[in-house]
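Written out below as structure tokens is the structure these notes cover.
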Amino acid sequence: ARAEMVTYFGLAALAALLCGAMNFLETAGGGTAAAAGGNATNVMAVGMVWAGARRLNRRRAVGAIGIVAGGIFLLGLTFLVPLEEATVLKTVGLVAFASLGAVESARRPLGDLRGSRLLVWTLGLYAGYNAARIGVVVVSGTAPLVEPGVVSPAATAIVSAVAIALVSASAVRIGRQLDDRPSPGTRAHDRGALRREAARLIATAGSARVTVVRLPEIDLIRTAHSVARGDEMVRAMAGAVDDALLDAATGVPARDTVFAVAPEGMTTDAVESAVRVAFARRMPL
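Letter by letter, the sequence shown follows residues 30 to 314 in my numbering.
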């Protein structure tokens, strides 16, 4: 779930950054091309958040390709209609996607996670602000969208920046609660297993011994022999730690480094000696 969230919310963040860059170019005189790019990426950013929320709720997926296609359609449309009308169409898209995203973020299971409420309020208020912009257009025409005021491009940029910051903060809080469910044998799996074992030992015994084991000149071994031989030696090192520390949880959470979490007991010298002896037994392999 965390990987999918990173994918969709990462694409949303990238689109938001591109939107900001396009808005800057438009202000500097970039013309219709910059405005078209800003309109497309703005809609894509909010659409990706909605699609990511649906994925986290395990509902029928809305693919990133469909969101991008909608942004490209708006990109081309901006060249075919007056800029003010294109801005209105973009605003309608923002209202739709932000409203859908707010509703989806309130659904379970995403709605049960800490940080989801902030996401719901942010998207809801963002949809409300853009709906107010449409209301101004209905009452006063498109002129207020390009003139100084609460619905001007400058004000909209400020509101968008605040929304991006709040969505990012909520995404970080939500992401910390999601389980990667990585496959056994991967570094992510070992990191989770070691964290859980350390937490268990500290909760039950009040302390835990952490042993970090590295193989000297492993990079030289990989270069002189092969990457596969280097990986084989790292696996042998992890096996030696398992043999030496019977009650330990062992893993390779970082490149070429074995971690072991065990109850307090053996002295440091005894641990080092036991690991070296166990590794020496495996060297003939």
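Ideal Cβ placement from N, Cα and C applies to all residues, glycine included.
On the three-state DSSP scale, how would you describe Gly268? Looking up residue 268 in the sequence shown gives position 239. Here Gly268 sits in helix by DSSP.
Take the Cβ of Val179 as the centre, count every other Cβ of all protein chains shown within 10 Å, and call the residue buried at 16 or more, exposed below. For the purposes of this step, residue 179 is taken as residue 150 along the sequence shown, with counting starting at 1. It is exposed - the Cβ of Val179 has fewer than 16 other Cβ atoms within 10 Å.
Under 8 Å, with one C-beta from each stretch per pair, do the stretch 64–83 and the stretch 215–225 reach the 3-pair mark? no
Exposure of Met312, with buried meaning 16 or more beta-carbon neighbours within 10 Å: Against the sequence shown, residue 312 aligns to sequence position 283. Its Cβ having fewer than 16 others within 10 Å, Met312 is exposed.
Sequence-distant residues of its chain with Cβ nearer than 7 Å to Gly153 (five each side left out): Along the sequence shown, read from residue 1 onward, the residue named residue 153 stands at position 124. For Gly153, where only same-chain residues beyond five positions count, the Cβ hits under 7 Å are Ala131.
Taking the alpha-carbon positions, what's the Ala200 to Ala45 distance? As a first step, residue 200 is located in the sequence shown; it is residue number 171 there, counting from the start. As a first step, residue 45 is located in the sequence shown; it is residue number 16 there, counting from the start. Taking the straight line from one Cα to the other gives about 15 Å.
Do Ser128 and Ala399 have their beta-carbon atoms positioned less than 8 Å apart in this structure? Only positions 30 to 314 of the chain appear in this structure, which leaves residue 399 out of reach.
DSSP state of Pro173 mapped onto helix, strand, coil: As a position in the sequence shown, residue 173 is number 144, starting the count at 1. Helix at Pro173.
Separation of Glu114 from Asp260, as counted between CA atoms: Here residue 260 is taken as the residue at index 231 of the sequence shown, counted from 1. Here residue 114 is taken as the residue at index 85 of the sequence shown, counted from 1. In a straight line, the C-alpha of Asp260 is about 60 Å away from that of Glu114.
Neighbourhood of Arg238 by C-beta, 6 Å cutoff - its chain only, sequence neighbours within 5 removed: As a working mapping, residue 238 is identified with position 209 in the sequence shown. Cβ neighbours of Arg238 beyond the five flanking positions: Ala291 and Glu293.
Measure the C-alpha to C-alpha separation of Ala273 and Arg136 and round it to an integer number of angstroms. Along the sequence shown, one-based indexing puts residue 273 at 244. Along the sequence shown, one-based indexing puts residue 136 at 107. Cα to Cα, the separation comes out at about 49 Å.
Where does Gly280 fall in DSSP's three states? To locate residue 280, count along the sequence shown from 1; it is residue 251. If DSSP states are grouped into helix, strand and coil, Gly280 belongs with the strands.
Are the CB atoms of Ala289 and Thr279 nearer to each other than 8 Å? Translated into the one-based positions of the sequence shown, residue 289 becomes position 260. Translated into the one-based positions of the sequence shown, residue 279 becomes position 250. Closer than 8 Å, so yes.
Report all residues from its chain with a CB closer than 6 Å to the CB of Arg216; omit the five preceding and five following residues, and keep chain order. Indexing the sequence shown from 1 puts residue 216 at position 187. Hits under 6 Å: Pro282.
By Cβ distance below 7 Å, which residues in the same chain neighbour Met73 in space, the five residues on each side in sequence not counted? Indexing the sequence shown from 1 puts residue 73 at position 44. Cβ neighbours of Met73 beyond the five flanking positions: Ala44, Ile96, Val97 and Gly100.
Helix, strand or coil at Val179 according to DSSP, with G and I counted as helix: Within the sequence shown, numbered from 1, the residue matching residue 179 stands at position 150. In this structure, Val179 counts as coil in the three-state DSSP scheme.
Looking at the unbroken alpha helix (DSSP H) that takes in Tyr227, where does it start and where does it end? For the purposes of this step, residue 227 is taken as the residue at position 198 of the sequence shown. The identity of residue 227 in the sequence shown is Ala, whereas the question assumes Tyr. Segment Arg216 to Ala234, the alpha helix (DSSP H) holding Ala227.
Does Arg238 come out as helix, strand or coil in the three-state DSSP assignment? Here the question's residue 238 lines up with position 209 in the sequence shown. The answer is strand: DSSP assigns Arg238 an E or B state.
Taking the alpha-carbon of Asn71 as reference, which of Thr240, His218, Asp271 and Val121 has the nearest alpha-carbon? Position 42 of the sequence shown, counted from the start, is the residue given in the question as residue 71. Among Thr240, His218, Asp271 and Val121, the Cα nearest to that of Asn71 is on Val121.
Can you tell which of Leu195, Ala63 and Glu33 has the C-alpha that lies nearest to the C-alpha of Val149? In the sequence shown, the residue the question calls residue 149 occupies position 120. It is Leu195 whose Cα lies nearest to the Cα of Val149.
Residue range of the beta strand (DSSP E) that Ala289 falls in? Here the question's residue 289 lines up with position 260 in the sequence shown. From DSSP, the beta strand (DSSP E) with Ala289 extends over Thr286 to Ala291.
Taking Cβ positions, are Arg202 and Arg143 nearer each other than 8 Å? Counting from 1 along the sequence shown, the entry for residue 202 is found at position 173. Counting from 1 along the sequence shown, the entry for residue 143 is found at position 114. Against a cut-off of 8 Å, the Cβ pair of Arg143 and Arg202 comes out as a contact.
Can you check whether the CB of Thr116 is closer than 8 Å to the CB of Asn68? Stepping through the sequence shown from its first residue, residue 68 is reached at position 39. Stepping through the sequence shown from its first residue, residue 116 is reached at position 87. Contact flag set, yes.
What residue range is occupied by the uninterrupted alpha helix (DSSP H) comprising Arg84? Along the sequence shown, one-based indexing puts residue 84 at 55. Unbroken alpha helix (DSSP H) run through Arg84: Gly60 to Leu85.
Rounded to whole angstroms, what is the Cα-Cα separation between Val75 and Ala125? By one-based count along the sequence shown, residue 75 stands at place 46. By one-based count along the sequence shown, residue 125 stands at place 96. In a straight line, the C-alpha of Val75 is about 9 Å away from that of Ala125.
Along the chain, where does the alpha helix (DSSP H) that runs through Arg305 open and close? The residue you call residue 305 lines up with position 276 of the sequence shown. First-last of the alpha helix (DSSP H) with Arg305: Thr297 to Arg311.
Distance between beta carbons of Asp285 and Val263, contact taken as under 8 Å: The residue given as residue 263 occupies position 234 in the sequence shown. The residue given as residue 285 occupies position 256 in the sequence shown. Indeed they touch by this definition, with Cβ atoms about 6 Å apart.
Over what stretch of residues does the alpha helix (DSSP H) that includes Arg251 continue unbroken? Counted from its first residue, the sequence shown places residue 251 at position 222. Looking at the DSSP string, the run of the alpha helix (DSSP H) that includes Arg251 is Ile247 to Ala253.
To the nearest angstrom, how far is it from the Cα of Gly105 to the Cα of Ala41? The residue you call residue 105 lines up with position 76 of the sequence shown. The residue you call residue 41 lines up with position 12 of the sequence shown. Looking at the two C-alpha atoms, the distance is approximately 20 Å.
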